[in-house]
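All remarks here apply to the structure that follows.
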Amino acid sequence: MKCPCCKQDVSKDDRVRVDLYLNQIVFDGKMVQLTPKQADIAFMLTEKHPKPLSMSDLVSGLYGVGRIHYSPRSKDPDEEAVARAHVSYLKKQLKTLNLRVLGVYNRGYKLDIPAAEIDDRS
35 MKCPCCKQDV
45 SKDDRVRVDL
55 YLNQIVFDGK
65 MVQLTPKQAD
75 IAFMLTEKHP
85 KPLSMSDLVS
95 GLYGVGRIHY
105 SPRSKDPDEE
115 AVARAHVSYL
125 KKQLKTLNLR
135 VLGVYNRGYK
145 LDIPAAEIDD
155 RS
């Protein structure tokens, strides 16, 4: 889904917004600054919500077809292990917003968005 004014991709849930330009996630008016990779993962998770994001989709979304090269002297790291590390750091960042990234056995990861609180005062 594209933003009508800036044509940037936006997530489907109204309460969760991921800004890929500023590397931020906003939930219920609270904002957390993310790294570029964390913002990419958060965006992919919100796009798939409520379904899980598979590890293969996560890795291809982060790194595309090619391999990661940190320096010419180092070996290529295991992309899945690096993706898991990015998810682990993202989980810590999202705790401040009361959002969780859940591991779904044999499926990947999914974003757990708490239900909206309903104000019954009328």
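Here my numbering runs 34 ahead of the position in the sequence shown, where the first position is 1. Quick reminder that beta carbons are idealized off the backbone N, C-alpha and C, glycines included.
- Can you grab the Cα-Cα spacing for the pair residue 54 / residue 75, in whole Å? Answer to the nearest angstrom: the Cα atoms are 10 Å apart.
- For residue 58, which residues from the same chain have a beta carbon less than 8 Å from its beta carbon, with the 5 sequence-adjacent residues on both sides left out? Cβ neighbours of residue 58 within its own chain (closer than 8 Å, five residues either side excluded): 52, 65, 66, 67, 68 and 73.
- On a CA-only basis, which of 81, 147 and 85 is nearest residue 129? Give me that one, please. That would be 147, whose Cα lies nearest to the Cα of residue 129.
- Query: Nearest to residue 121 by alpha carbon, out of 84, 88 and 50?
  - Reply: Here the closest residue by C-alpha is 88.
- Whose C-beta lies closer than 7 Å to the C-beta of residue 90 among residues of the same chain, with five residues either side of it excluded? For residue 90, where only same-chain residues beyond five positions count, there are no Cβ hits under 7 Å.
- First through last residue of the alpha helix (DSSP H) which encompasses residue 51: Under the DSSP assignment, residue 51 falls outside any alpha helix (DSSP H), being part of the beta strand (DSSP E) whose first and last residues are 50–53.
- Would residue 61 pass as a contact of residue 131 if the rule is Cβ separation under 9 Å? The answer is yes: Cβ separation under 9 Å.
- Item | Own chain partners of residue 127 with C-beta closer than 7 Å, once the 5 adjacent residues on each side are dropped | For residue 127, where only same-chain residues beyond five positions count, the Cβ hits under 7 Å are 66, 68 and 72.
- Query: Do you know how far the Cα of residue 134 is from the Cα of residue 82?
  - Reply: Their Cα atoms are separated by approximately 14 Å.
- Message: In the DSSP assignment, the beta strand (DSSP E) including residue 134 goes from what residue to what residue?
- Response: Run containing residue 134: 134–138, per the beta strand (DSSP E) assignment.
- Item | Secondary structure of residue 125, DSSP reduced to three states | If DSSP states are grouped into helix, strand and coil, residue 125 belongs with the helices.
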